[in-house]
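Asks: The sequence shown lines up with residues 1 to 296 when you count with UniProt numbering. C-beta atoms are modelled at their ideal positions from N, C-alpha and C, and glycine is treated no differently. Just dropping this structure here.
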Amino acid sequence: MSAATARRPVFDDKEDVNFDHFQILRAIGKGSFGKVCIVQKRDTEKMYAMKYMNKQQCIERDEVRNVFRELEILQEIEHVFLVNLWYSFQDEEDMFMVVDLLLGGDLRYHLQQNVQFSEDTVRLYICEMALALDYLRSQHIIHRDVKPDNILLDEQGHAHLTDFNIATIIKDGERATALAGTKPYMAPEIFQSFVSGGSGYSFEVDWWSVGVLAYELLRGWRPYDIHSSNAVESLVQLFSTASVQYVPTWSKEMVGLLRKVSPSRRRKAAGPAVVGLHSPHPAHSPSSLRLFAIWR
């Protein structure tokens, strides 16, 4: 994808590309506001995923701001381990997003199928998410919803982060304060900031989510028994008292990485640890290997 393509206007009534430029092949899912289909662009024959978002449903659920925030973020970013936006347009009823087509399923699906993830596979996913998050940090973006549901696999088994619906952009020196995310994957400082009105949080919250994700992939359940119904105040108490159990067969490097729980230690430890954990996979292209090599 070229930089020019990635930075096209979010919606432009004069844009040449519209619904008629695509052939709908089949539906592959249903989202909160509409369906997702595999499409083929008629002139290039390239395959994409097209997301439909019903305007009226967005208005009724007060999600218009989030939808436009996601579109505005996606049209400014591009990375090999993100699900990238190619085109966006609208008609009277729906808004459309045309994005990378990834047919390997999301990690939540694979967990529900009781897939036994090897430590090597989890290392690969951590490394790929590390590169994606490092790029997002360079763009001043906190994702705030890293979880198995939002990580899609391509046909070669590589991980790609999607869903920027609750992402936020912060300027240098700023910190976020809103209570946003999916509770089982949210970092302690998000809850603490909400309860006590502290100094807020920054990019490190996404690293906490990656740690929870890695633990869940390795063990089949999350390190903390947290549900969406839990009161925020109870979660602040839980993090100060609960202990996490690590499986004896996990490598020292993996356990060491997962133990880096404080915000200041998460990202400092992640760079060298991830590089040390990663071993080249034969499916990686030379460009992908260079991306792994530059992680710092």
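1. Relative to the C-alpha of D88, which candidate in V80, M97 and F81 has its C-alpha closest?
2. Within the chosen definition, does the segment 212 to 226 reach the segment 165 to 172 through at least 3 CB pairs nearer than 8 Å?
3. Within 10 angstroms of the Cβ of I28, are there 16 or more other Cβ atoms? Answer buried if so, exposed if not.
4. Using 10 angstroms around the beta-carbon of V247, count the other beta-carbons present and answer buried if the total reaches 16, otherwise exposed.
5. Hey, would you say V236 sits closer than 8 Å to Q192, going by beta carbons?
6. Is M186 helix, strand or coil when you go by DSSP?
7. Does the Cβ of Q144 have 16 or more other Cβ atoms within 10 Å, making it buried, or fewer, making it exposed?
8. Looking only at its own chain, which residues have a Cβ that is under 7 Å from the Cβ of V17, when we skip the five neighbours before and after it?
9. Can you pull the DSSP bridge partners for I24?
10. When we look at the beta-carbon of D20 and count the other beta-carbons within 10 Å, is it buried (16 or more) or exposed?
11. Going by DSSP, what residues sit across from Y87 in a beta bridge?
12. For W208, which residues from the same chain have a beta carbon less than 7 Å from its beta carbon, with the 5 sequence-adjacent residues on both sides left out?
13. Please classify T44: is it buried, with 16 or more other beta-carbons within 10 angstroms of its beta-carbon, or exposed?
14. State the Cα-Cα distance for the pair S202 and F194, rounded to the nearest angstrom.
15. Indicate the three-state DSSP secondary structure (helix, strand or coil) for G157 in the structure shown.
16. Can you give me the C-alpha to C-alpha distance between D94 and I142, rounded to a whole angstrom?
Replies: Looking at the atomic coordinates:
1. As a first step, residue 88 is located in the sequence shown; it is residue number 88 there, counting from the start. Reading off the sequence, residue 88 comes out as Ser, not Asp. When each option's Cα is compared against that of S88, the closest is M97.
2. no
3. As a first step, residue 28 must be located in the sequence shown, where it is residue number 28. Classification for I28: exposed.
4. Along the sequence shown, one-based indexing puts residue 247 at 247. By the neighbour-count rule (16 or more Cβ atoms within 10 Å), V247 is not buried but exposed.
5. Here residue 236 refers to the residue found at position 236 of the sequence shown. Here residue 192 refers to the residue found at position 192 of the sequence shown. The answer is yes: Cβ separation under 8 Å.
6. Locating residue 186 in the sequence shown gives position 186, where the first residue counts as 1. Of the three classes helix, strand and coil, the one that applies to M186 here is coil, per DSSP.
7. Translated into the one-based positions of the sequence shown, residue 144 becomes position 144. Looking at the sequence shown, residue 144 is not Gln but Arg. Looking at its Cβ environment, which holds 16 or more other Cβ atoms inside 10 Å, R144 is buried.
8. What you label residue 17 is simply residue 17 of the sequence shown in a count that begins at 1. Y87 and F89.
9. Position 24 of the sequence shown, counting from 1, holds the residue named residue 24. I24 pairs with V39.
10. Numbered from its first residue, the sequence shown carries residue 20 at position 20. Classification for D20: exposed.
11. For the purposes of this step, residue 87 is taken as the residue at position 87 of the sequence shown. Answer by DSSP bridge pairing, in chain order: V98.
12. Here residue 208 is taken as the residue at index 208 of the sequence shown, counted from 1. Cβ neighbours of W208 beyond the five flanking positions: A187 and R266.
13. Working through the sequence shown from its first residue, we reach residue 44 at position 44. With fewer than 16 other CB atoms across the displayed protein chains lying within 10 angstroms of its CB, T44 is exposed.
14. Start at 1 with the first residue of the sequence shown, and residue 202 comes out as number 202. Start at 1 with the first residue of the sequence shown, and residue 194 comes out as number 194. If you take the alpha carbons of S202 and F194, they lie about 14 Å apart.
15. Within the sequence shown, the letter at position 157 stands for residue 157. Of the three classes helix, strand and coil, the one that applies to G157 here is coil, per DSSP.
16. Counted from its first residue, the sequence shown places residue 94 at position 94. Counted from its first residue, the sequence shown places residue 142 at position 142. Distance between the alpha carbons of D94 and I142: 27 Å.
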